[in-house]
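Notes follow once the structure below has been shown.
2 protein chains.
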Amino acid sequence: MAKGPTVYHVAERAGVSIATVSFTFRQPEKVKASTRELVLAAAEELGYVPSASARGLARGRTGALGLFAYDYLLDPSGGPGGPGGPGGSGDLSQDVDAPGDREDGNLRLFPLYVDEVQRGVELECWRRGQALLVGGGNPANNEAVLSDIAGRVDGLAVFPRSVPVEALARIARRIPVVEVSESQRNRSVDHVTVDNASGARAITEHLIRVHGLTDLLFIGAGQSSDNDERLEAFQSVLKDAGAALHEPRYPAGSEPAVAEIVRAICQQGTLPQAFVCATDQDALVVMDVLAEAGIDVPKQVAVTGFDGIAAGRVIRPSLTTVRQPMERMGRIMVELLLDRLDHPDKPPVELRLPVSVVLRESCGCSPA
Amino acid sequence: MAKGPTVYHVAERAGVSIATVSFTFRQPEKVKASTRELVLAAAEELGYVPSASARGLARGRTGALGLFAYDYLLDPSGGPGGPGGPGGSGDLSQDVDAPGDREDGNLRLFPLYVDEVQRGVELECWRRGQALLVGGGNPANNEAVLSDIAGRVDGLAVFPRSVPVEALARIARRIPVVEVSESQRNRSVDHVTVDNASGARAITEHLIRVHGLTDLLFIGAGQSSDNDERLEAFQSVLKDAGAALHEPRYPAGSEPAVAEIVRAICQQGTLPQAFVCATDQDALVVMDVLAEAGIDVPKQVAVTGFDGIAAGRVIRPSLTTVRQPMERMGRIMVELLLDRLDHPDKPPVELRLPVSVVLRESCGCSPA
DNA sequence: GTAATGAATCAAAGCGCTTAGATATTTCCT
DNA sequence: AGGAAATATCTAAGCGCTTTGATTCATTAC
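These protein sequence lines are chains W and Z, in that order.
Going by the working numbering, the first residue of the first sequence is number 6, and it counts up by one from there.
Going by the working numbering, the first residue of the second sequence is number 6, and it counts up by one from there.
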């Protein structure tokens, strides 16, 4: 395994200069066909694989993009707590896993929001022949990891709240960065977001107009600017709907607290007519708690989410929500990054994508 | 965005040599504390981010591992075809997505086998401070992509049947490679597999002994050596069980054909007592077809899978299966790769991990 | 036949970093 | 105080590739 062959070896073997070898791979049309054959043959025989490090150094570009995915397992926000009981646990169950392969609870049963966006990033990178580096934190050494990634790629995609602002700014000084949402936080980098306001407005109006509900409770504000925008739209709809409505209530519940909040409401018996949740994940938690409490959705209370993650389709009752074009967002991030590489001085972009309401069972729409 | 600062800039600013700058980052203990501060301050001010290309070139190691994930969307094998109808499609449904954000059918509703292994790889890489490059094919230019990745990393993890043997061999000449399963195919690289035989044996015996079934049909052979091993164990159990059993039937159905096979069986009315499937994905397809045909699982026929993917927990009836420690396998792949880097000449390893039977509803075990 | 033109190839200068080995500085003894 | 030993820093030689500008070779035109 003696340190693979290099251009020099190939060049020697083919009886040409290293420049010709390089050209053969990077600009084949500049090399006479016969020579090209020669070189390729030599390369093949030697098992030559060009070193990306050397290329990157010489060219000043690595040809890779980066994705910083913070580690959800270490994320305190808890999971969807979806359906699917623990499976058959009768006395026959040998459901004992090999040690060290824990179950993750229900957390990772379904791909989450970020997973779906990430998939878009992956697909687009592959389509464009870009390598993709996915980095994860490790909240501890986030900074170090981030800097490491930044040093390896031509551009970086980051998820909301996964990177401290200063760190982001630092990276952005060196390579293009595109962030999902949070457009207020750092105006110097590109952003891709969705039209939170329209989505929240549409779904809220649906509950009011179609289902005639008047006592709506917003769950899950305060976590991100996305959530805030959704809440704001929600409030404005309530206001517009006028006096007919009950006093709106919207606890700015942080995620871990969502279950607690709903549990408390159940106990007090002060159930609203609908829980309008800031995210699907919140909604799943809410539905879970309601199920625990023996409260029927949507008969006793409606629940809506926001995002359109897979779990919402599968869970029963299925979740009425606002779908974001997640994969598309990922693809666009890649596009923006690549674009920015060619036009470093264009002013920062903020793309807002449209969303669509998806009516399912949890609001009372579908044949339950 | 004038090409970020380099060691030279930092060195100048801090009034030291570039060597000292390098040491400050790579071997801080070799640098006097006061100097270190100086350098770090300079770096900070300048927004210095070390170039991984240069480092990789100088060190002969990139510090990244690679994962070659073939592109499932382009994979003809079809998806789980899980539960979860199309959602509320009443006349109110505005379920129209932004163009370009197709739904993928049910294909990606749940993380699949490879996803879960991949997650293990990711987690372990992050834990160990390794960067992870995920490459996708694009069946068209697989070779090119693969070679590109190979040039960027210190080691490569590949999934079964995603890379042609010759290509694999070529890569393996240059960097360590570890493959999931398929240990017969290329004996020169490391492998991690599970104990397919035990798993298949255990689940088959369960059906026979506990549920008293005698007419078992194996579905989904011939796709991989994993499947073959499972089939073999299945057959051997049938044989051992002796004369009491019906003639076993095991069409070597290729994946796309599974649905067809089962459909045909339903129409002919020649239902076995159980479908023993080579993979969970096969089993999901089978259950889907059975549901279509109005056949009750497990009352009329039992179904079992193999793998332990998430969908099997969520689907109704939940799927009895053999669980592989998928995340663990991913982690181990990373371990093997890193290990191999230090010991290039150790003989190839083949790790077989234990599996565990997970009894759920589809075999008739749980409270349906 | 030769000058002019274009095509194919090459020589050589980096790209930004790491790391021996050389050199300078400090510390510790006697 | 003087010198050996230990520390800290520096000098310089690459790592394997890309790419510019120079050189060589093959054509074409007169």
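The C-beta atom is built at its ideal place from N, Cα and C for all residues, glycine as well.
Cutoff 6 Å; reference residue i; Cβ partners in own chain excluding five residues on either side
i, result
"residue 280/W", "222, 224, 291 and 308"
"residue 295/W", "302"
"residue 230/Z", "187 and 189"
"residue 69/Z", "136, 138 and 158"
"residue 61/Z", "67"
"residue 362/W", "207, 208 and 327"
Buried versus exposed, by CB contacts within 10 Å (16 or more), residue i
i, result
"residue 182/Z", "buried"
"residue 206/Z", "buried"
"residue 24/W", "exposed"
"residue 47/W", "buried"
"residue 272/W", "exposed"
"residue 347/Z", "exposed"
"residue 10/Z", "buried"
"residue 13/W", "exposed"
"residue 170/Z", "exposed"
"residue 226/Z", "buried"
"residue 129/Z", "buried"
"residue 39/W", "exposed"
"residue 122/W", "buried"
"residue 140/W", "buried"
"residue 65/Z", "exposed"
"residue 132/Z", "exposed"
"residue 247/W", "exposed"
Three-state class that DSSP yields for residue i in the structure shown
i, result
"residue 250/Z", "coil"
"residue 164/Z", "coil"
"residue 196/W", "strand"
"residue 69/Z", "strand"
"residue 151/Z", "helix"
"residue 187/Z", "coil"
"residue 24/W", "helix"
"residue 368/W", "helix"
"residue 312/W", "strand"
"residue 275/W", "coil"
"residue 115/W", "coil"
"residue 328/Z", "strand"
"residue 138/W", "strand"
"residue 376/W", "Residue 376/W cannot be examined here, being either before or after the span of chain W that is shown, 6 to 373."
"residue 54/Z", "coil"
"residue 237/W", "helix"
"residue 319/Z", "helix"
"residue 215/W", "helix"
"residue 99/Z", "At residue 99/Z the pLDDT is 36, less than 50, meaning the model places this residue with poor confidence; the figure from the coordinates comes in the next sentence. Here residue 99/Z sits in coil by DSSP."
"residue 374/W", "Because chain W in this structure spans residues 6 to 373, residue 374/W falls outside the shown range and cannot be described."
"residue 158/Z", "coil"
"residue 339/W", "helix"
"residue 348/W", "coil"
Delimiting residues of the alpha helix (DSSP H) encompassing residue i
i, result
"residue 132/W", "118-132"
"residue 45/Z", "38-51"
"residue 15/W", "12-19"
"residue 206/Z", "201-210"
Residues near residue i in its chain [Cβ-Cβ closer than 7 Å; skip 5 each side]
i, result
"residue 30/W", "55"
"residue 148/W", "172"
"residue 33/Z", "41"
Span of the beta strand (DSSP E), counted from its first residue to its last, around residue i
i, result
"residue 307/W", "307-309"
"residue 291/Z", "No beta strand (DSSP E) holds residue 291/Z; the alpha helix (DSSP H) holding it covers 285-297."
"residue 356/Z", "355-358"
"residue 361/W", "361-363"
"residue 224/Z", "221-224"
Beta-carbon contacts of residue i that lie in its chain and below 8 Å, excluding the five residues immediately before and after
i, result
"residue 276/W", "270, 300, 305 and 306"
"residue 194/W", "173, 177, 181, 182, 183, 184 and 353"
"residue 312/W", "118, 284, 285, 286, 326, 327, 328, 329 and 331"
"residue 116/Z", "124, 314 and 315"
"residue 36/W", "25, 28, 29 and 44"
Residue i Cβ short of 8 Å to the ligand FMN heavy atom set
i, result
"residue 16/W", "Of the ligands one can find in the structure shown there are none, so the ligand FMN has no counterpart to examine."
| query | Is the region 313-322 of chain W in contact with the region 336-348 of chain W, if contact means three or more CB pairs nearer than 8 Å? | reply | No, the region 313-322 of chain W is not in contact with the region 336-348 of chain W.
| request: Count the CB pairs spanning the region 365-372 of chain Z and the region 160-170 of chain Z that are closer than 8 Å, and state whether there are at least three. | output: No: the two stretches stay apart, fewer than three of their Cβ pairs being nearer than 8 Å.
| field | the region 349-360 of chain Z / the region 191-207 of chain Z touching (three or more Cβ pairs under 8 Å) | value | Judged by pairs of C-beta atoms under 8 Å, the region 349-360 of chain Z touches the region 191-207 of chain Z, as three or more such pairs exist.
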